[in-house]
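**Q** Take a look at the following structure, please.
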Amino acid sequence: MRGQLWRWCDRLFAGSRESRLAWWAGLLAFLVITGSVLWLLTRLLPEGVDPTWERIVEEGRFPVCTDPSWPPFEAVDDETGRLEGFDMDLARRLGPRLAPGVQTRLVTVGFDSLYDALLAGRCDAILSALPYEAMRTEDVSYSVAYFNAGLVLVSRQGMQGIQTLEDLDGRLVGVEWGFVPEGDRRQQTFIQTLSLRRYDLAAGALSALEAGEVDAVLVDRISALSYLRGSTGLQIVGEPLADLNYVIPVRPDSFRLLKEIDRVLLEMREDGTLEELQAGWFQD
Amino acid sequence: MPRGAFPGIMAAMKRVTTRTRRPWRDGRWLLLALVALLAGVRAEPLVALGPQQTVRSINAKMGIHTRLTDEVEPWKIKRTLEMAREMGTTWIVEYFPWAYHEPAPGRFDWSHADLVVDHARRQGLTVIARLGLVPEWARPDPEEQATTFTYLDEAHYDAFARYVATFAAHFQGRVQHLVIWNEPNISLEWGYRPVDPEGYARLLETVYREAKAANPDVMILGGALAPTLAPAGDPEGMNDLDYLGRMLEADAGEFMDGLAVHAYGWRLPADAPPDPATVNFARTELLHDLLLEAGYPNMPVYITEGGWNDHPRWTKAVSPSQRAAYSIQAYEKARVEWPWCQAVVLWAFRYPRPANTYQDYFAFVTTEFTPKPIYYAVQRYARGEAP
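Taken in order, these protein sequences are the chains called V and U.
Residue numbers are given in my numbering: position 198 of the first sequence equals residue 796, and the series is strictly consecutive.
Residue numbers are given in my numbering: position 182 of the second sequence equals residue 402, and the series is strictly consecutive.
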């Protein structure tokens, strides 16, 4: 068999010019036909059964677990008792966009039991401002990110010269007490060299920035967005310096559901839905 | 290597090189020398205890609960205890599970316990031992009745008492304080049975008599109750104040030398006033009041668990700065206001591996031994430095 292969290979390089061209053309045709057949097979063959997805489509119900104790992502409205927040709006919009006729049903679960509730089948996904956790990928599958809550740099509007982390060198930077530098090792090392002033809470650091006590602040993006909602004098500079991505966990065998959730989230990213939700809960 | 072993080897080697005519005999000498060497060399621990250390702290009541039960590697045990000492804590509480140390009736293995206790003492720390966790041999046949590690029927009180007594004797002069059981006022810790203060009082009596006979110096600490506002008849557990009251009515006070208390603050500061309808750090005062009412004015109290959590999501958590401030406030409150309280041991120094839950936010040090900001804050307090 190996000898035969060698002989075929020889014919690609030996013999008359016409003969070599004929062999090269044959090889190309073989590769094109084989590739086309494989591509067709992947499109036509069924991709297996995801029982979770089958049930969601059949029953028209998409149960989603949440712990409503984390405003503005999820909370209980004191007056109406209704679950409200960024995640709750996202969950309600997610169901109908997964498949026609599907409605989201929210299931409230304590924070510590969210993953157990998912694995025990009380719901098919979790939407509760959960960050991606590499340690859990043996037990659950994660969607693409729908919100980045990572570390951001905040400065006063109109303040010149603060565009990047490196611009903080020689300046006074406010952080929350207990702040531990995030990001890659280079960033962490750099942050540790800065002049840091610690405040009990992130809001205190942002307030100090507004009052001119510090030149910039490093805080998580949720604290920054929440504070900026009531302040016009501050701005978030650039993209998060370190990522803390909120994602939607599903059971590992819910591969079709995960694929559909990813599709809808990417569509929402494109059509501005995620931006609209963020504006609604952080800026209005 | 002991003296004598090295010359023995040299002699054997000399015979090998000079008496080549009788190789069988030379080989025999070499073998004998090796046996002598192996017999003579005492195995040295991989991690040396190191020089005797002392804790430097302005508050001798400071303590931290370690989690070394499942820590295998000796260097991690030593590092944990070194860092606890450097933080300024005098006391540690550590768990010594019955099932680990008496795997079969009468067969005891103290190797890991010795390792922990010896390293702790070398760091100048005082160990409070928490004892519990029932071995399979002391529980009903699983074919007949499924039980958990916290299930102990009265027929096996004697067996547990023998374990405690053997522990007390083995660690005489090294460990003086023994906490008997953990949170017996919640069903989970009482083998998923209805909790039973009178039954727990009988357990204390059985243990007390055996332990004192084995080591008269040992101090038996009872209680270690879970702070809970469980209403009457709750199948999950009993209000700790009610439970202690019934324990004392059943004469438990006669069979304990101190009261172990779990004092969690949840979202309230350490100086929040005590209130029977609230779980907070000062609830300790209400438990102490019950001792006074029952006629035990001199019985000391040891807080063997407690503290605050700074998980960003947990509903009972506080911010990292509040956690540090409240913890220091708790140490200081015991030092200044509670002469009857001997130790404040907060939960928990470090976990052997991440729990990946809010529990990780009770720790003072990460699994990788990186101190959290609270570690440095407590250390500054212990050194008398400004916060």
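C-beta: ideal position from N, C-alpha, C; glycine also.
Give the residues of chain V in contact with Trp534 of chain U, contact being defined as C-beta atoms less than 8 Å apart.
**A** Ordered by position in chain V, the residues that pass the 8 Å Cβ test against Trp534 of chain U are Phe709 and Asp710.
**Q** Considering only the alpha carbon of each residue, which of U:Tyr428, U:Val292 and U:Val499 lies closest to His397 of chain U?
**A** Looking at the Cα atoms, U:Tyr428 is the closest of the given residues.
**Q** Count the other C-beta atoms from every protein chain shown that fall within 10 angstroms of the C-beta of Arg276 of chain U, then say buried if there are 16 or more, exposed otherwise.
**A** It counts as exposed.
**Q** By Cβ distance, which residues of its chain are closer than 6 Å to Thr650 of chain V, with the 5 residues on each side in sequence left out?
**A** So the qualifying residues of the chain are Asp722, Ser852 and Leu855.
**Q** Nearest-angstrom Cα distance between Arg533 of chain U and Gly748 of chain V?
**A** Near 15 Å, if we compare the C-alpha coordinates of Gly748 of chain V and Arg533 of chain U.
**Q** What do you reckon, are the CB atoms on Leu608 of chain U and Ile400 of chain U nearer than 8 Å?
**A** With chain U covering 221 to 607 only, the question about residue 608 of chain U has no answer from this structure.
**Q** Distance, Cα to Cα, Ala597 of chain U vs Val705 of chain V?
**A** Between Ala597 of chain U and Val705 of chain V, the C-alpha separation is close to 40 Å.
**Q** Taking a contact to mean a Cβ-Cβ separation below 8 Å, would you say Leu441 of chain U touches Leu479 of chain U in this structure?
**A** Contact: yes.
**Q** What does DSSP give as the partner residue(s) for Glu525 of chain U in the beta ladder?
**A** Note: Glu525 of chain U sits in a beta bridge opposite U:His482.
**Q** Checking contacts by CB at 8 Å: is Arg734 of chain V closer than that to chain U?
**A** At least one chain U Cβ lies under 8 Å of Arg734 of chain V.
**Q** Closer than 7 Å, Cβ to any Cβ of chain U: which residues of the region 791 to 813 of chain V, in chain order?
**A** Cβ contacts with chain U: Asp798 and Leu799.
**Q** Distance check for Val354 of chain U and Ser667 of chain V, CA to CA, integer angstroms please.
**A** If I take the Cα positions, the gap works out to 38 Å.
**Q** Could you tell me if Thr274 of chain U is buried or exposed, where buried requires 16 or more neighbouring beta carbons within 10 angstroms of its beta carbon?
**A** With fewer than 16 Cβ atoms within 10 Å of its Cβ, Thr274 of chain U is classed as exposed.
**Q** Using a Cβ cut-off of 8 Å, which residues of the region 729 to 754 of chain V contact any Cβ in chain U, in chain order?
**A** Those residues of the region 729 to 754 of chain V that come within reach of chain U (Cβ to Cβ, closer than 8 Å) are Glu731, Met733 and Arg734.
**Q** Would you say the region 856 to 872 of chain V touches the region 802 to 816 of chain V, given that touching needs at least three Cβ pairs under 8 Å?
**A** These segments do not touch.
**Q** Excluding the 5 residues preceding and the 5 following Gln761 of chain V in the sequence, name in chain order all residues of the same chain whose CB lies nearer than 8 Å to its CB.
**A** These residues qualify, in order along the chain: Val835 and Gly836.
**Q** Quick one: which residues of the region 552 to 577 of chain U get their C-beta closer than 9 Å to a C-beta of chain V? List them in chain order.
**A** Flagged, chain order: Pro574, Asn576 and Thr577.
**Q** If the cut is a Cβ gap below 8 Å, which residues of chain V does Asp530 of chain U touch?
**A** Ordered by position in chain V, the residues that pass the 8 Å Cβ test against Asp530 of chain U are Gly776.
**Q** Pick out whichever of U:Glu605, U:Ala568 and U:Gly604 has its Cα sitting closest to the Cα of Thr217 of chain U.
**A** In the structure as shown, chain U starts at 221 and stops at 607, and residue 217 of chain U therefore has no counterpart that could be examined.
**Q** Fully enclosed by the region 795 to 869 of chain V, which alpha helix (DSSP H) runs are 4 residues long or longer?
**A** Taking only runs of at least 4 residues, the alpha helix (DSSP H) segments lying wholly in the region 795 to 869 of chain V are 800 to 808, 819 to 826 and 853 to 869.
**Q** Report the residue ranges of all beta strand (DSSP E) runs contained in full by the region 578 to 605 of chain U; include only those spanning at least 3 residues, in chain order.
**A** Whole beta strand (DSSP E) segments, 3+ residues: zero.
**Q** Near Ala324 of chain U, which residues of its chain fall below 7 Å by C-beta distance, leaving aside the five closest residues on each side in sequence?
**A** Contacts found: Trp357.
**Q** Who are the neighbours of Pro436 of chain U on chain V, taking C-beta pairs under 9 Å?
**A** Result: empty, since nearest Cβ-Cβ is about 44 Å, beyond 9 Å.
**Q** So that I know if they touch, is there some Cβ in chain V lying closer than 8 Å to that of Arg494 of chain U?
**A** With the sequence shown as reference, residue 494 of chain U is identified as Pro, and Arg is not the correct amino acid for it. By this cut-off, Pro494 of chain U is not an interface position.
**Q** Of all the alpha helix (DSSP H) runs that stay within the bounds of the region 367 to 406 of chain U, which reach a length of 4 or more residues?
**A** Here the runs fully enclosed are 377 to 390.
**Q** So, is the C-beta of Ser667 of chain V closer than 8 Å to a C-beta in chain U?
**A** It does; some Cβ of chain U falls within 8 Å.
**Q** In angstroms, rounded to a whole number, what distance separates the CA positions of Lys536 of chain U and Asn529 of chain U?
**A** So the two alpha carbons sit approximately 7 Å from each other.
**Q** In three-state terms, what does DSSP make of Met476 of chain U?
**A** If DSSP states are grouped into helix, strand and coil, Met476 of chain U belongs with coil.
**Q** Quick check: the Cα distance between Val236 of chain U and Ser331 of chain U, rounded to an integer number of angstroms?
**A** With a pLDDT of 46 at Val236 of chain U, under the threshold of 50, the modelled position of this residue cannot be trusted, and the question is left open.
**Q** Looking only at its chain, what residues have a beta carbon closer than 6 Å to the beta carbon of Gly946 of chain V, apart from the 5 residues adjacent to it on each side?
**A** Outside the shown range of chain V (599 to 882) lies residue 946 of chain V, about which nothing can therefore be said.
**Q** If you measure between the beta carbons of Ala379 of chain U and Ala431 of chain U, is that distance less than 8 Å?
**A** No, they are not a contact pair.
**Q** For Ala822 of chain V, collect the residues of the same chain with a Cβ closer than 6 Å to its Cβ; drop the 5 residues on either side in sequence, then sort them by chain order.
**A** Val750, Val752 and Ile834.
**Q** Contact criterion: CB-CB distance below 8 Å. Does Ser541 of chain U meet it with respect to chain V?
**A** Output row for Ser541 of chain U: interface = yes.
**Q** Assign Tyr551 of chain U to one of three DSSP states: helix, strand, or coil.
**A** Helix at Tyr551 of chain U.
**Q** Which residues does DSSP list as the beta-bridge partners of Val884 of chain V?
**A** Chain V is shown only over 599 to 882; residue 884 of chain V falls outside these bounds and no answer can be derived.
**Q** Specify the secondary structure class of Ser741 of chain V as computed by DSSP and reduced to three states.
**A** DSSP places Ser741 of chain V in coil when its eight states are reduced to three.
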